[in-house]
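*Asks:* Take this structure, written in structure tokens, and hold onto it; I'll ask about it next.
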Amino acid sequence: MSIRQEQIQFEIGFATDVGRKRSGEPNQDALEVVLPDSRGRWHPPLLIVADGLGKHMGGALASKLVVQAFKQEFVSAAHPADYLSLMERCAQKAHQAVRMQGAKDEKLANMGSTVVSATPFQGMLYVLNVGDSRAYILRGEKMIQVSQDQSWVAMQVKAGILTEQEARTHPSRNRLNMAITARRHEIKPHLAKEKLERDDIVVLCSDGLWGVIPETLIWAAASELPPKVAVKKLVSLANRSQGPDNISVIVARQVASDHKTASKPPGRGSAEF
């Protein structure tokens, strides 16, 4: 079917790294960029970052299960009327997968993961997060956090007890109020949508990035460099700041196109919506 309107594309870069201090250990982060497949049903792009919790393979397995569940549920949906509802179903399926795996093996009973996901559709960005992995929109000189940290320090900042700077170095900064875990009976994702404007840049990342380097550096790299270069630069900056945690980041830059028709799904590396 032809769409007679100006098409918007995303140029996307993504990277994940175990981090300098965790060299030799499994990377407990997982990420995926799910683009339309010309062999299947069209869908908008889906960006996912998951940060595994629990020692070694437990966290690594949990984050992979979360990403897989999100992808499967999202791609199988037929013309959803509400993308926020679809993304919540993705999160619940991910939780179910982690709980089932944890029930099979007592060694995995404490595993879990955060997740942040985003999908652009018809001029809006739909975002879901569980835990403290983040989604930003970079608009001009602004850096808008669309996700909401589900953590103890975030609650203290909201209550005026801690400042943002104090929260970054607080001993309890990694304490989460919500995560997709094998032991938790239910999850309550944070859902949000934000209007996308021309030239907006979308950034998703784990706390191995945003908790290590200043947001000003994230903004500078994502705004000034092509996405595939920006993600490598951001991983390097985090590792130069001791790289205490696994690092994952996706940068998606809007690219306006003058094409008047679109009769087939776009290829790898770009996505129209």
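Here my numbering is used: the first residue of the sequence shown is 126, the next is one more, and so on.
Glycine included, every Cβ here is placed at the ideal spot set by N, Cα and C.
In this text the structure is predicted, and so the values were computed from the model without any measurement.
(1) Express the C-alpha separation of A363 and D154 in angstroms, rounding to a whole number.
(2) With distance defined between alpha-carbon atoms, name the residue in V143, D142, N235 nearest to G179.
(3) Going by CA-CA distance only, name the one from R308, G265, K283 that's closest to D325.
(4) Taking all protein chains shown into account, decide if V223 is buried (16 or more other Cβ within 10 angstroms of its Cβ) or exposed.
(5) Find out if the Cβ-Cβ distance for the pair L250, L316 is shorter than 7 Å.
(6) Could you check the C-alpha separation between V143 and D162 for me, to the nearest Å?
(7) For L287, which residues in the same chain have their Cβ closer than 7 Å to its Cβ, ignoring the five residues on either side in sequence?
(8) What do you get for D230, buried or exposed, if any count of 16 or more other CB atoms within 10 angstroms of its CB means buried?
(9) Have a look at L190 and G237 and give me their C-alpha separation to the nearest angstrom.
(10) Between E311 and R166, what straight-line distance do the alpha-carbon atoms span, to the nearest angstrom?
(11) Under the rule that 16 or more other beta-carbon atoms within 10 Å means buried, what is Q134, buried or exposed?
(12) Helix, strand or coil for K146, going by three-state DSSP, please let me know.
(13) Using only the alpha-carbon positions, how far apart do R323 and Q379 sit?
(14) If we count the other Cβ atoms within 10 Å of its Cβ and call it buried at 16 or more, is D207 buried or exposed?
(15) Classify I326 as helix, strand or coil using the three-state DSSP reduction.
(16) Report the CB separation of A304 from T239 in whole angstroms; it is logged as a contact under 8 Å.
(17) Bridge partners for R264 per DSSP, in chain order?
(18) Are there three or more Cβ pairs, one per stretch, closer than 8 Å when the stretch 202-219 is compared with the stretch 333-350?
(19) Quick one: complete alpha helix (DSSP H) runs, 4+ long, within the stretch 191-256?
(20) Assign F139 to one of three DSSP states: helix, strand, or coil.
*Replies:* With the given structure in hand:
(1) Near 15 Å, if we compare the C-alpha coordinates of A363 and D154.
(2) Taking only the C-alpha atoms, the option nearest G179 is N235.
(3) Nearest option by C-alpha distance: G265.
(4) Counting the other CB atoms within 10 Å of its CB gives V223 a total of 16 or more, which places it among the buried residues.
(5) Taking 7 Å as the Cβ cut-off, L250 and L316 do not qualify as a contacting pair.
(6) C-alpha of V143 to C-alpha of D162: approximately 29 Å in a straight line.
(7) Same-chain partners within the cutoff: V278, Q281, H295.
(8) With a threshold of 16 other beta carbon atoms within 10 Å, D230 falls short and is exposed.
(9) Spanning the two alpha carbons is a distance of roughly 10 Å.
(10) A direct Cα-to-Cα measurement between E311 and R166 gives close to 31 Å.
(11) That one is buried.
(12) In the three-state reduction of the DSSP assignment, K146 falls in the helix class, which pools H, G and I.
(13) The C-alpha of R323 lies about 7 Å from the C-alpha of Q379.
(14) A residue is called buried once 16 or more other Cβ atoms fall within 10 Å of its Cβ, and D207, having fewer, is exposed.
(15) Of the three classes helix, strand and coil, the one that applies to I326 here is strand, per DSSP.
(16) Right, the Cβ-Cβ distance comes to about 6 Å (below 8 Å), so this counts as a contact.
(17) In DSSP, R264 forms a bridge with K267.
(18) Too few Cβ pairs lie closer than 8 Å, so no.
(19) Every alpha helix (DSSP H) of 4 residues or more that sits fully in the stretch 191-256 is shown, in chain order, as 208-229.
(20) F139: strand per DSSP, three-state reduction.
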